[in-house]
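Scroll down for the structure; my scribbles are underneath it.
Number of protein chains: 2
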Amino acid sequence: MNRVTHLLGIKHPIIQAGMVWCSGWKLASAASNNGILGVIGAGSMYPDVLKLHIQKCKKATQFPFAVNIPLFYPQIEELFEILFEEGVEIVITSGGNPGLYTQRMKNRGIKVMHVIANVKFAKKAQDAGVDAVIAEGFEAGGHNGRDEITTMCLVPSIIKAVKIPVIAAGGIGTGRSMLAAMSLGAEGVQIGSRFAISKESSAHDLFKEYVLSAKDGDTVLTLKELAPVRMLKNEFYSRILKLYQKGTNKEELKELLGRSRIKKGIFEGDLIEGNLEIGQISAIIESIDSVKTIVQEIIMDYESAKLNLFSFHD
Amino acid sequence: MNRVTHLLGIKHPIIQAGMVWCSGWKLASAASNNGILGVIGAGSMYPDVLKLHIQKCKKATQFPFAVNIPLFYPQIEELFEILFEEGVEIVITSGGNPGLYTQRMKNRGIKVMHVIANVKFAKKAQDAGVDAVIAEGFEAGGHNGRDEITTMCLVPSIIKAVKIPVIAAGGIGTGRSMLAAMSLGAEGVQIGSRFAISKESSAHDLFKEYVLSAKDGDTVLTLKELAPVRMLKNEFYSRILKLYQKGTNKEELKELLGRSRIKKGIFEGDLIEGNLEIGQISAIIESIDSVKTIVQEIIMDYESAKLNLFSFHD
Chain U
854 MNRVTHLLGI KHPIIQAGMV WCSGWKLASA ASNNGILGVI GAGSMYPDVL
904 KLHIQKCKKA TQFPFAVNIP LFYPQIEELF EILFEEGVEI VITSGGNPGL
954 YTQRMKNRGI KVMHVIANVK FAKKAQDAGV DAVIAEGFEA GGHNGRDEIT
1004 TMCLVPSIIK AVKIPVIAAG GIGTGRSMLA AMSLGAEGVQ IGSRFAISKE
1054 SSAHDLFKEY VLSAKDGDTV LTLKELAPVR MLKNEFYSRI LKLYQKGTNK
1104 EELKELLGRS RIKKGIFEGD LIEGNLEIGQ ISAIIESIDS VKTIVQEIIM
1154 DYESAKLNLF SFHD
Chain H
854 MNRVTHLLGI KHPIIQAGMV WCSGWKLASA ASNNGILGVI GAGSMYPDVL
904 KLHIQKCKKA TQFPFAVNIP LFYPQIEELF EILFEEGVEI VITSGGNPGL
954 YTQRMKNRGI KVMHVIANVK FAKKAQDAGV DAVIAEGFEA GGHNGRDEIT
1004 TMCLVPSIIK AVKIPVIAAG GIGTGRSMLA AMSLGAEGVQ IGSRFAISKE
1054 SSAHDLFKEY VLSAKDGDTV LTLKELAPVR MLKNEFYSRI LKLYQKGTNK
1104 EELKELLGRS RIKKGIFEGD LIEGNLEIGQ ISAIIESIDS VKTIVQEIIM
1154 DYESAKLNLF SFHD
């Protein structure tokens, strides 16, 4: 038990990250049924699709789960209506100003966490009344902060800046890396990439296999002029790179990016034209496992690494 | 005791990073006298200056110390002659091909470590016969790898790839972050920024004070077209940025960089025109301390964080 398990009503202080095209009700309920916090990623869902996923998730688990809402979502009011109607108890917001929505949720008894990538936004989130912040480092997949602060440096900075619990994200995929995050003072971890290619993830098998084959240095943070995202190198990325090499601008990048590239890559398995968002930790993931296996492995790995830690007194 | 303390003949598995204009004989001997490995940074020294520093270091400590040699150093043969003449027992090489010099040193009984930033070079270093690798993440100050892999992701990848001990570098400045690195499986840590502004560092007081005032997001990895370096934002960096914004090339960047900008910044304290190389962890450094205080604090902080680690079994 710690502040995070207590706050969220879960057994283990681990959050399965909400990820577009990966984390629908299937992954979220599997996570919740295995003692961690399952999260439905609303970013890739139309409002009515989200509603369906929440309803299915409620049927598939009796344990707490959350919904992740990117605050730049166009029909965001519709999403909040659905969250309120369906009685969602935990919401994770990201990518926007937490001041705008936090109190509306808190007034209804919803527990709110906000994803941040620097001290300024951590303080803003705390001031807005969120219950915890998720500090996400440069190594994380998908949308990323502009300051390029790594998990190793971000977590200690955030812990010094706020009083609410800090959950570490970015670069965490094993028990050892969870132990590292907890060593830094985090009170929980959010894990994305490892669950993105779990058996219960709705990502395409071809995407999962491609992530498995990724080596160190195979992901890159790019499109910084639009919004920085971390993705695997592929043909689509080569075309981004070519634009940069010739000298480019926002408009050209936007045009190349177009619409639904993430869906194409992650959900439809188009490894050539798709945007294959994933974190740096993909380099050390070795198998496609069930959520149950992943959670068990993380706990065993964590405890055994903890037992064998170097001591200055030995 | 572990493989790193055993290999290097030191009390604690901590290496004070060799840093240009910071780590001469004064810092190195203070480090060695406090149970960790002191390192003279040869990168900023003419051969005869290095010779003098080695001689002074030998007088100032009876404990092992090392010399860091960047393999792109122009008069590198002269440096090796000095190392051999002076009987230096431990050498850290960085920034080049470890295959070229490792065996020559090993043949003379010198212990060799090589700094790497990806799996490919870690394997090359192991094949070349080095005794350990120092895996340096994206968050580190000064020269940096091209793959932008963070310490959190790099260390586990390197541990999977080699059998020799892995020493973690980048983002480590406190006992907690050392604990994080050891959790990832590192058998030692290399600490730069914290020692760069220690009392015994030969850096200018104005540089030390500027680093103290640094907040999260105040460093940036830049000059990637030449060789990526991490530095604090200042007027010099603003001018780099302006070149990038208008569209630039290697030649222009080289011209702006010119010569001795690092000396200007770190040694002469010119905060406007100087290149102020430092790591991301500078954001959480709060005071200018003696090496003795730093080492004691790291050990106490490490052991207390270790005692209080979350357990799944509680």
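Heads up: the sequence lines are chains U and H, in that order.
Numbered per our numbering, the first sequence spans residues 854 to 1167.
Numbered per our numbering, the second sequence spans residues 854 to 1167.
Beta carbons are placed, not taken as given, at the ideal position from N, Cα and C, and that holds for glycine.
Find out if the Cβ-Cβ distance for the pair residue i, residue j is shorter than 9 Å.
i	j	result
U/T1004	H/T1003	yes
H/Y926	H/A895	yes
U/P1018	U/N855	yes
U/K1016	U/I1141	no
H/M1084	H/L1129	yes
U/E1121	U/L1065	no
U/I969	U/V986	yes
U/L924	U/G948	yes
H/S1143	H/W874	no
U/N921	U/V944	yes
U/L1037	U/I1012	yes
U/N886	U/T914	yes
U/G1127	U/F1089	yes
U/K964	U/L860	yes
H/R1047	H/I1147	yes
U/A981	U/Q956	yes
H/F937	H/G862	no
H/I935	U/F1165	no
In terms of DSSP beta bridges, what is residue i paired with?
i	result
H/G1041	H/I1020
H/T1072	H/L1085
H/S882	Partner(s): none; H/S882 has no beta bridge.
H/T946	H/I922, H/H967
H/V892	H/A919
U/A985	U/M966
U/E1130	U/M1084
Can you tell which of the options has its C-alpha closest to the C-alpha of residue i?
i	options	result
H/S1113	H/I969, H/G862, H/S897	H/S897
U/S876	U/H906, U/I863, U/V857	U/H906
H/A1158	H/Q979, H/G1023, H/R1029, H/G994	H/R1029
H/I1229	H/G1023, H/L1059, H/I1050	The first residue shown for chain H is 854 and the last is 1167, placing residue 1229 of chain H beyond what the model contains.
U/C910	U/L880, U/N887, U/F1165	U/L880
H/T1072	H/K1117, H/E992, H/I1151	H/E992
U/G1026	H/N971, H/V944, H/S1010, H/A1021	H/S1010
U/A1014	U/V1042, U/A1021, U/E1088, U/V972	U/V972
U/A978	U/Y954, U/N960, U/N887	U/Y954
H/K959	H/F974, H/K1061, H/D984, H/E938	H/D984
U/L1079	U/R1092, U/G1070, U/E1088, U/L1110	U/L1110
H/F974	H/R1047, H/G952, H/T858, H/S1164	H/G952
H/G1041	H/K904, H/Q908, H/Q956, H/Y1155	H/Y1155
H/S1135	H/N1087, H/E1108, H/G1070, H/N1161	H/G1070
H/K1068	H/M1153, H/N1087, H/L1076	H/N1087
H/K912	H/P900, H/G891, H/Q1098, H/W878	H/W878
Under three-state DSSP, which class holds residue i?
i	result
H/F918	strand
U/P923	strand
U/E1053	coil
U/H996	strand
U/Q928	coil
U/E1078	coil
H/I868	strand
U/E1121	coil
H/E1062	helix
H/E1150	helix
U/E939	coil
H/E1001	coil
H/H859	helix
H/A1158	helix
H/I1011	helix
U/Y1090	helix
U/H1166	coil
H/I1115	helix
U/V1144	helix
H/S876	coil
H/R957	helix
U/G990	coil
Please report the Cβ distance between residue i and residue j, rounded to the nearest whole angstrom; I am assuming they are in contact, meaning their Cβ atoms lie under 8 Å.
i	j	result
H/G871	H/I893	6 Å
H/I1131	H/G994	4 Å
H/A1021	H/A1049	The Cβ separation is near 17 Å, so there is no contact.
H/C1006	U/Q928	Actually they do not touch by this definition, with Cβ atoms about 35 Å apart.
H/L1096	H/L1076	That belief does not hold up - the Cβ atoms of H/L1096 and H/L1076 are roughly 10 Å apart, past 8 Å.
U/L1074	U/N997	6 Å
If the cut is a Cβ gap below 8 Å, which residues of chain B does residue i touch?
i	result
U/T1027	Although the question refers to chain B, the structure presented lacks it and instead comprises the protein chains U and H.
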